Structure formats: structure tokens, C-alpha cells
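Residue numbers (this note's numbering): 457 to 676.
Okay, here's the thing in C-alpha cells:
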């Protein structure tokens, strides 16, 4: 069960006062091309989602029909994320190359997301990134979590910093860390305030407020 551990924690909203407000921009309806370009990058042979649909099925559905695009456009318009897309299924699968499968260590759980929901989330993610970058809200040195800003870019940047300090006869220390369950640990109310500060359409903010409600998980 996804659980937002920071949701009830006290936060200082005044920290957002340091960010200048951006002009509110309208959220344009999604186009069919946005969905087809995402599906073209997905592995059509990947494991089907909780709704048993695979990417190749969605590719076929989008070929002639626009019902899915109409659904997500209406969701944004009314600020609602259907519970159907929030249901996850956890299944237990055996680990490969085990001699015996008579203990729990020989198995591992995986979570199957709703394929339709995954597709919609990918399209929305592209829109969010374009909006924030085009408004210069993300610093140019930001690498993590951005498309076209891969680990290779981070390595090249780090190497550049190291060589600069070598020229100056300085040593470089590096600290790397990974935050587990980062998104689940965010205060979602503060996140919606940030979206408002960046200038997102109020309909989109309402949509994300509904979207950020914890997903339901079914175990099989």
C-alpha cells in the first residue's frame, strides 16, 4: 500500500515566498500524436499491466480511435483521476536460476500498474517537463529525473568539475546518495502549492490533487 509518510507533517509554506510567481498558462487538450510517440518507445513485449493490456494492444486501439484521448482530456477538465487507474496488483514470481523453490527467499513480489494509467502518466510527464523547462523553473544544472539528462550527462559533468580542480591543484570529494520512496515521502499538499506557483492551469492543479490520493493495491 502506497503511503505518504510526510502528508501530516507540519510544513513551512513561507519557503515558497522566495519563488517569484509565474504567469498562469492554459493547459491545451492532448493530441493523438503525444500518445502514439510514447507508445512507439515502449517495449511491446513487456509484461501486461493489472488490466491485462499490453503496449501493442494500446498501439492498435489508438490507431483509429481517439476515445482514450477524450477520456484524459475530460479528466483534466473536471480535475478527476478515476479510481480504475489507481488500482495496482502485486503478484509473487519465482526468482530465476534457483535450485529449490521451497522458501520465500526464492520468490519476489512485483507490482503491475494499470497500462492505460501508465500511458496517460507518461504523456502528462512529458507535458510537465516541457512546461517547467520552458518557463525556466528548473535549473540548467539539474540532471536527475529529466529526460535527455541521463546518467552519462551527470558523469560528464562530474568529470568536468574534477578536471577543473586538478588544474587548480585541488582535490575533489564526491557524495552520492539515493532517496528510497522519494515520491511517497513528499508532502503532496506542498507539491500542489508548487504547481500553482509555477503557473499551472488551476484545472491541472485540481487534477493532481485528486491524482495524489494513495493508490489501492490488490494482492494475488
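Ideal Cβ positions, reconstructed from N, Cα and C, are used throughout, including at glycine. Owing to the predicted nature of the structure, the values given are computational and were not obtained by experimental measurement.
Inter-residue spacing [alpha-carbon to alpha-carbon] between residue 572 and residue 541: To locate residue 572, count along the chain shown from 1; it is residue 116. To locate residue 541, count along the chain shown from 1; it is residue 85. Rounded to whole angstroms, residue 572 to residue 541 spans 7 Å at the Cα level.
Beta-carbon gap between residue 509 and residue 545 smaller than 9 Å: By 1-based counting over the chain shown, the position of residue 509 is 53. By 1-based counting over the chain shown, the position of residue 545 is 89. No, the Cβ-Cβ distance between residue 509 and residue 545 is not below 9 Å.
Range covered by the alpha helix (DSSP H) that runs through residue 543: Within the chain shown, the letter at position 87 stands for residue 543. Following the DSSP letters along the chain, one finds residue 543 in no alpha helix (DSSP H) but inside the beta strand (DSSP E) bounded by residues 543-550.
Euclidean distance between Cα positions of residue 514 and residue 531: Along the chain shown, one-based indexing puts residue 514 at 58. Along the chain shown, one-based indexing puts residue 531 at 75. The straight-line gap from Cα to Cα measures roughly 19 Å.
Local Cβ density within 10 Å of residue 672, reported as buried at 16 or more and exposed below that: Translated into positions along the chain shown, residue 672 becomes position 216. Confidence at residue 672 is low in this model, with a pLDDT of 47, below 50, so the placement of that residue should be treated as unreliable; the coordinate-derived value is given next. Exposed, since its Cβ has fewer than 16 Cβ neighbours within 10 Å.
Span separating the alpha-carbon of residue 695 from that of residue 534: A question about residue 695 goes unanswered here, because the residues of the chain that appear run from 457 up to 676.
Rounded separation between residue 661 and residue 590 - CA only: The sequence position of residue 661 within the chain shown is 205, counting from 1. The sequence position of residue 590 within the chain shown is 134, counting from 1. Approximately 18 Å, taken between the alpha carbons.
Per DSSP, cross-strand counterpart(s) of residue 563: Taking the first residue of the chain shown as position 1, residue 563 is located at position 107. For residue 563, which the question treats as bridged, DSSP gives the partners 550.
Touch test, the segment 574-593 against the segment 550-562, Cβ-Cβ under 8 Å, three pairs minimum: As far as the Cβ criterion goes, the segment 574-593 does not touch the segment 550-562, which means the pair count is below three.
Cutoff 6 Å; reference residue 657; Cβ partners in own chain excluding five residues on either side: Here residue 657 is taken as the residue at index 201 of the chain shown, counted from 1. Here the set comprises 482 and 483.
Cβ distance (whole Å) where residue 472 is taken to contact residue 603 below 8 Å: By one-based count along the chain shown, residue 472 stands at place 16. By one-based count along the chain shown, residue 603 stands at place 147. In fact, because the Cβ distance is near 26 Å, the residues do not count as touching under 8 Å.
Residue 570 classed as buried or exposed, judged by whether at least 16 other C-beta atoms fall within 10 angstroms: In the chain shown, counting from the first residue as 1, residue 570 sits at position 114. Buried: at least 16 other Cβ atoms inside 10 Å.
Residue 587 burial status per 10 Å Cβ neighbour count (16 or more: buried): On the chain shown, position 131 is the one that residue 587 refers to. Under this definition residue 587 is a buried residue.
Neighbour-count burial assignment, residue 631, 16 or more Cβ in a 10 Å radius: What you label residue 631 is simply residue 175 of the chain shown in a count that begins at 1. Per the 10 Å Cβ criterion, exposed.
Own chain partners of residue 593 with C-beta closer than 6 Å, once the 5 adjacent residues on each side are dropped: Stepping through the chain shown from its first residue, residue 593 is reached at position 137. Contacts found: 654.
Per DSSP, cross-strand counterpart(s) of residue 568: As a working note, residue 568 is residue 112 in the chain shown. Residue 568 is bridged by DSSP to 545.
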